[in-house]
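Asks:
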Amino acid sequence: LQPAEWSGLSLAVGVALAEALHPQVQIKWPNDLCWQGRKLGGVLVETVSLGAQRYAVIGVGLNLVAPALPSDGVLGPGMPALPAAGLLDLMPDAAKGVGHWLRRVAAPLLRQALDFEAQGFGHLVPRYAARDALMGRPVRLSDGREGVADGVRADGALWLTAASGRSAVWQHEVSVRPC
Numbered sequence: 016l017q018p019a020e021w022s023g024l025s026l027a028v029g030v031a032l033a034e035a036l037h038p039q040v041q042i043k044w045p046n047d048l049c050w051q052g053r054k055l056g057g058v059l060v061e062t063v064s065l066g067a068q069r070y071a072v073i074g075v076g077l078n079l080v081a082p083a084l085p086s087d088g089v090l091g092p093g094m095p096a097l098p099a100a101g102l103l104d105l106m107p108d109a110a111k112g113v114g115h116w117l118r119r120v121a122a123p124l125l126r127q128a129l130d131f132e133a134q135g136f137g138h139l140v141p142r143y144a145a146r147d148a149l150m151g152r153p154v155r156l157s158d159g160r161e162g163v164a165d166g167v168r169a170d171g172a173l174w175l176t177a178a179s180g181r182s183a184v185w186q187h188e189v190s191v192r193p194c
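Below, the structure is given as C-alpha cells:
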C-alpha cells in the first residue's frame with residue numbers, strides 16, 4: 016500500500032470486517048470488534064519503513080468460540096468485565112471451519128485496503144459511524160481524561176467531548192474504556 020496518509024487504516028479494516036461479518040457487529044475505537052457489547056476480535060496494524068518504501072502488516076484476531084463462563088458466573092481477577100463473543104454466537108455456519116469465515120472476510124478486507132490506499136479514511140466516516148460502539152457513551156482514557164465519545168475525525172482520531180471542550184484523541188496516546 017502507498018496511501019498518502021496512513022492514519023485511520025485500522026478503522027478502515029474494522030469497517031470492512033464488521034460489514035462482512037454481521038449487521039450487528041460494532042467497532043470500538045480504535046481496534047476492537049464487538050457484538051452485543053462483547054469483544055469479538057481485534058485489529059492490529061503495524062507499519063515499517065524500508066528505505067523509501069513503507070509497508071503495513073495487518074493482523075486480525077477473531078474468536079471462533081467464546082470462552083465459557085465459570086459455573087458460578089463470577090469472573091475472576093484479570094478477566095474482562097464482559098465475556099468475549101465468538102463467531103459461532105453470531106454466525107452458526109462458522110462451525111464449517113476457519114476457511115468459511117476467512118472466505119467471507121478476505122475479499123472485503125482486500126477491497127477496503129485498496130480503497131484506503133486510493134482515498135484514505137475520510138470517506139468511510141459515515142460507515143464507521145453506523146457501527147461506532149462508543150458514540151455518545153461516557154469514556155475514560157488511560158491518561159485519566161474523561162468525557163463522551165463523539166465520533167471519529169476524517170483522519171481516524173476519536174472526538175472526545177469533555178467539560179473543557181472537544182478534543183481529538185490519537186490511538187497511540189491512550190486506551191479507551193467505557194465508564
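Residue numbers (the working numbering): 16 to 194. C-beta atoms are modelled at their ideal positions from N, C-alpha and C, and glycine is treated no differently.
For Ala144, which option in Glu20, Gln68 and Ala33 has the closest C-alpha, if you only look at C-alpha atoms?
Replies: When only C-alpha atoms are compared, the closest one is Ala33.
Asks: Enumerated in chain order, which unbroken segments of the beta strand (DSSP E) with a length of 3 residues or greater are wholly contained in the stretch 112-152?
Replies: Qualifying beta strand (DSSP E) stretches: none in this window.
Asks: On the DSSP letters alone, give me the boundaries of the beta strand (DSSP E) that Ser64 sits inside.
Replies: It spans Arg53 to Leu65 - the beta strand (DSSP E) in which Ser64 sits, taken as one unbroken run.
Asks: My output table needs one value for Ser182: the three-state DSSP class, helix, strand or coil.
Replies: Of the three classes helix, strand and coil, the one that applies to Ser182 here is strand, per DSSP.
Asks: Going by the DSSP bridge assignment, what does Arg168 pair with across the sheet?
Replies: Per DSSP, none; premise fails for Arg168.
Asks: Candidates Glu20, Ala133 and Gly29: which alpha carbon is nearest Leu124's?
Replies: Comparing Cα-Cα distances from Leu124 to each of Glu20, Ala133 and Gly29, the minimum goes to Gly29.
Asks: Would you give the residue range spanned by the beta strand (DSSP E) that Val28 belongs to?
Replies: It is not in any beta strand (DSSP E) - Val28 instead sits in the alpha helix (DSSP H) that spans Leu24 to Leu36.
Asks: Using 8 Å for Cβ pairs, my map puts Leu59 next to Gly74. What's the rounded Cβ distance?
Replies: Yes, they are in contact, since the Cβ atoms of Leu59 and Gly74 sit about 4 Å apart, within 8 Å.
Asks: Assign Trp185 to buried or exposed, taking buried as 16 or more other Cβ atoms, counted over all protein chains shown, within 10 Å of its Cβ.
Replies: Per the 10 Å Cβ criterion, exposed.
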